[in-house]
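So the protein sequences, as listed, match chains A and B. First residue of the first sequence? That's 0 in numbering that gives the first Met the number 0, and the numbers climb one at a time after it. First residue of the second sequence? That's 0 in numbering that gives the first Met the number 0, and the numbers climb one at a time after it. Beta carbons: idealized from backbone N, C-alpha and C, even for Gly.
Number of protein chains: 2
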Amino acid sequence: MQQVNLGMIGGGTVGSGVFHAWQKNGDLLAARLGIKISFRKIAVKAIDEPRAYPIAPELLTTQWQEVVNDPEIQIVIELVGGTGIAKTMVLGALAQGKTVVTANKALLSAHGPELFAAAAKSGVNLYYEASVCGGIPIIKALREGLVANQFPAIYGIVNGTCNYILSRMKFEGADFATVLAEAQKQGYAETPPDLDIDGHDAAHKTGILGSLAHGFWVNHHQIHTEGIREVSKIDMEFAAKLGYTIKLLGIVKQAAVKNPGRKTLVQVSVYPALIPSAHVLANVNQVFNAVFVRGDIVGDTLFYGRGAGKDATASAVLSDVADAAQDLKHGNQMRVPPFVPTAQAGKVVPLDEVISQYYVRFSVVDKPGVLAKIAAIFAAANIGISSVFQPEGDEGASVPLILMIHDAPNAAMRKALARIAKLPAVKAKPVMFRVENLE
Amino acid sequence: MQQVNLGMIGGGTVGSGVFHAWQKNGDLLAARLGIKISFRKIAVKAIDEPRAYPIAPELLTTQWQEVVNDPEIQIVIELVGGTGIAKTMVLGALAQGKTVVTANKALLSAHGPELFAAAAKSGVNLYYEASVCGGIPIIKALREGLVANQFPAIYGIVNGTCNYILSRMKFEGADFATVLAEAQKQGYAETPPDLDIDGHDAAHKTGILGSLAHGFWVNHHQIHTEGIREVSKIDMEFAAKLGYTIKLLGIVKQAAVKNPGRKTLVQVSVYPALIPSAHVLANVNQVFNAVFVRGDIVGDTLFYGRGAGKDATASAVLSDVADAAQDLKHGNQMRVPPFVPTAQAGKVVPLDEVISQYYVRFSVVDKPGVLAKIAAIFAAANIGISSVFQPEGDEGASVPLILMIHDAPNAAMRKALARIAKLPAVKAKPVMFRVENLE
């Protein structure tokens, strides 16, 4: 039986998870692939650091160069994370002609094209299934399973921490700060939580999905990113009454813009949005992730699973290892290249030009004439109001006023809201979320 | 650029869908794969039969042998269906050294091992993504994306016709016969509807999923199969009140049995079951399919999409064509073989030995003592009742009595129900559905 040797850099939570999964199912993998996969060396921060699962001590080293430079190692798994030393490690392994498997979304997001070029130069592959949505084989789905499709729309719940918080807010009527604090205690949210809560982690993943789907590399700074700090209990409740659920979405869609040009214009954004509660995507709860992919041929599909955690991530890492091992067995170079620019490459459209629908909540003084003033500003901006709700409620000096807004460009909406915010009767910064009907 | 030539047998609904998808996205496929894929010949029943999409007439022939025997054709797509002439065609193409792509679940279900052996003998591959759940890339997910996992449980909504009928019954409170008749009018159900309604189509697909997941071939006759004819409006309503939704499930799970032996015992069944309404699988509605896959490493995953239809199926067929074309480009033989028997192969356990939970509805005479008699029979069989509901209701001479039953072997349950059915106070055949809590 063919033999393939692995090296791994990183032996913490995910690294020990990968080792454990290989210990458990290595024989099964060998039977399925006809390839014996063995670990040869694992570089860690400290030999005796605490781990989720034990790693055979004779495999451990604290020198990552020993992994990258070992001529017997054919595949290097990088689980260090971040964009610093991890980049040196990955480039080093590729330069040595080793296939690299990484779970590092931040690194790909920051340096994808450079890494892919290095892989191509060395004629080896760079696999990254684990970088987006942990155990969900979404990279393989986009690159292989749905390869015959164009992708008019992708909506992903790609951050488990945010989905956990929003799910608890929905089902328990709890407010954001309370749930966040509890999530931090339970280990579902980090301290500080900014990378998750402010949407940056989701943006890393959304950029990778967008790049794969549309054949041009989406730069991180092109992704309009909003987090979930502004989602309040009251918004969750009103959304539910209107038949919607609020989810943080990574969105990649062929943009509805006013003056489309020849190139495909693609909206790539991360923001909390109202989606129909009956939709399967709205029923993805707790820490689960899901990516709703619309293909022009296949129609609507959805891929669901755990987006993080040592075991789910290990499943994705080992599936990449299996593909890489098959490449070695069959002498394939770049059978499925990590990223393929396509001729019809498009570009990211600024969110200001994108046309969206909106839910807006104002805190207003409870007296006649306020709605008329707000409506006049929207009318002047040529923005149509589709419905108005003034629920019973007592916020002391002010009351909530909720408007659902027809299709309007984001720039026009932004400017109108800025004007409305200055009205004396408007007592707080307007809260605005987009509505995605997934149609 | 490398060139690959396709032949296709079958130019009806799905065949013309494949041709249309290729016309639309062939250039994109070429860009993504670095391979130009061309159609060379398409065998059809009649040149001028009506088609969903037109096919270039110069490609058409009525002689399937012209496709199988054309030395320029490297990949043959079989879309004829059935287990008769289609088998001859597939074996013929394999014997000629051509890779075969098929959507034919009935053929695989009946003759899988023979076809795989023929493929192995010729050193070519046999792809069948389109045979299970149309556009959902579930075969690729099990074989590649989740390759590092054992599969303790798989629950699939794999028949769109049944899911459409059950969805309408749930949301409209309609009864089975009415919805079936309408579905037949609208083309969502065939006439006669038996293949779908009685679970046979689901059994074909479930057998293929079970075989892939557990590494031994599941024969069609080993699959306990029940359809949805017995699901009534009243059951749908009571299930909802108890927090459940009734779905037809294809089930492949490591069995809960009383005396497990050394081999993995696998339950492979198709039946309508109550599943928790809040679960993502319960929210898969209308004609959509979904497969809920539990991996021992990855945890819970779900794959959702259209399970049938010319376009969704075309997406799957072309993804197989892409894989086959990559094999040809890279000179791979059987990179991912169609089916790999594994050492730890298990066996299918008879349903009688499987332990399930149950929902049972009796039609009983409305007088004291009936429940006591029923409970006594269950007690004698060592079957525990977890709850009893006697809803208000007027069925004339009888009233409904609903019991939820704890874990009990199917044989014991079957025998107890047969005894209960003979009680004079029991006025109709008891209705029994299993409860799958997906835990």
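Straight-line gap, residue i to residue j (C-alpha atoms, nearest Å)
i, j, result
"Val-369(B)", "Ser-397(B)", "11 Å"
"Ser-448(A)", "Asp-193(A)", "Coverage of chain A is limited to positions 0 through 438, which leaves residue 448(A) absent and any answer about it impossible."
"Val-99(B)", "Leu-125(B)", "5 Å"
"Arg-413(B)", "Leu-264(B)", "21 Å"
"Gln-389(A)", "Leu-400(A)", "5 Å"
"Val-467(B)", "Glu-71(B)", "Any answer about residue 467(B) is impossible in this case: the structure gives chain B only from 0 up to 438."
"Tyr-303(B)", "Val-279(A)", "9 Å"
"Glu-391(A)", "Val-363(A)", "13 Å"
"Phe-287(B)", "Asn-158(B)", "8 Å"
"Ala-380(B)", "Leu-273(B)", "23 Å"
"Glu-77(A)", "Gly-214(B)", "31 Å"
"Glu-189(B)", "Gln-183(B)", "6 Å"
"Met-7(A)", "Gly-16(A)", "12 Å"
"Leu-350(B)", "Ile-250(A)", "45 Å"
"Pro-336(B)", "Lys-204(B)", "19 Å"
Where residue i falls: helix, strand or coil (DSSP)
i, result
"Pro-367(B)", "coil"
"Ala-118(A)", "helix"
"Val-67(B)", "helix"
"Thr-177(A)", "helix"
"Arg-50(A)", "coil"
"Asn-381(A)", "coil"
"Gln-356(A)", "strand"
"Leu-317(B)", "helix"
"Ala-147(B)", "coil"
"Lys-35(B)", "strand"
"Glu-77(A)", "strand"
"Asn-282(A)", "helix"
"Gly-155(A)", "strand"
"Met-235(B)", "helix"
"Ser-108(A)", "helix"
"Gln-389(A)", "coil"
"Met-431(A)", "strand"
"Ile-227(A)", "coil"
"Pro-275(B)", "strand"
"Thr-160(A)", "helix"
"Thr-341(B)", "coil"
Sequence-distant residues of its chain with Cβ nearer than 7 Å to residue i (five each side left out)
i, result
"Pro-275(B)", "Gly-242, Tyr-243, Ala-281, Asn-436 and Leu-437"
"Val-347(B)", "Val-217, Gln-221, Val-265 and Val-267"
"Lys-97(A)", "Ile-72, Gln-73, Ile-74, Val-75 and Val-123"
"Ala-374(A)", "Ile-384"
Cut-off 8 Å between Cβ atoms - residues of its own chain near residue i, not counting five sequence neighbours on either side
i, result
"Leu-141(A)", "Phe-150, Leu-208, Leu-211, Ala-212 and Val-292"
"Arg-228(A)", "Phe-175, Ile-196 and Asp-197"
"Ile-382(A)", "Ile-404, His-405, Ala-407, Ala-411, Met-412 and Ala-415"
"Lys-232(A)", "Met-168, Gly-172, Ala-173, Asp-174 and Phe-175"
"Gly-81(A)", "Asn-103, Ala-105 and Leu-106"
"His-110(A)", "Thr-82 and Lys-86"
Extent of the continuous alpha helix (DSSP H) run through residue i
i, result
"Asp-195(A)", "193-196"
"Asp-26(B)", "12-32"
"Ile-207(A)", "199-213"
Element boundaries [beta strand (DSSP E), containing residue i]
i, result
"Ile-8(B)", "1-8"
"Arg-441(B)", "The shown model of chain B, from 0 to 438, leaves out residue 441(B), and the question about it has no answer."
"His-405(A)", "397-408"
"Tyr-127(A)", "Neither: Tyr-127(A) is in no beta strand (DSSP E) and is coded neither H nor E."
"Gly-91(A)", "Where Gly-91(A) is concerned, there is no enclosing beta strand (DSSP E), although the alpha helix (DSSP H) it sits in stretches over 84-94."
"Ile-72(B)", "Unbroken run through Ile-72(B): none, as it is neither H nor E."
"Thr-98(B)", "98-101"
"Lys-246(B)", "243-253"
"Val-292(A)", "287-294"
Chain C residues whose Cβ lies nearer than 9 Å to that of residue i
i, result
"Ile-296(B)", "Looking for chain C here will not work: the only protein chains present are A and B."
Beta-carbon proximity list for residue i, same chain, < 6 Å, skipping 5 on both sides
i, result
"Phe-18(B)", "Ile-54"
"Leu-59(A)", "Ile-41, Val-43 and Ile-46"
* Asked: How do the region 233-252 of chain B and the region 428-435 of chain B stand: do at least 3 beta-carbon pairs fall below 8 Å, yes or no?
  -> yes
For this session: Mind the definition here: the region 335-354 of chain A touches the region 50-57 of chain A only if three or more C-beta pairs lie below 8 Å; say whether that holds.
Result: no
* Asked: With contact counted as at least three CB pairs below 8 Å, one residue from each stretch, are the region 311-318 of chain A and the region 309-316 of chain B in contact?
  -> no
* Is there contact between the region 159-175 of chain B and the region 116-123 of chain B, where contact requires at least three CB pairs shorter than 8 Å? -> no
- Query: Within the chosen definition, does the region 411-427 of chain A reach the region 55-68 of chain B through at least 3 CB pairs nearer than 8 Å?
  - Reply: no
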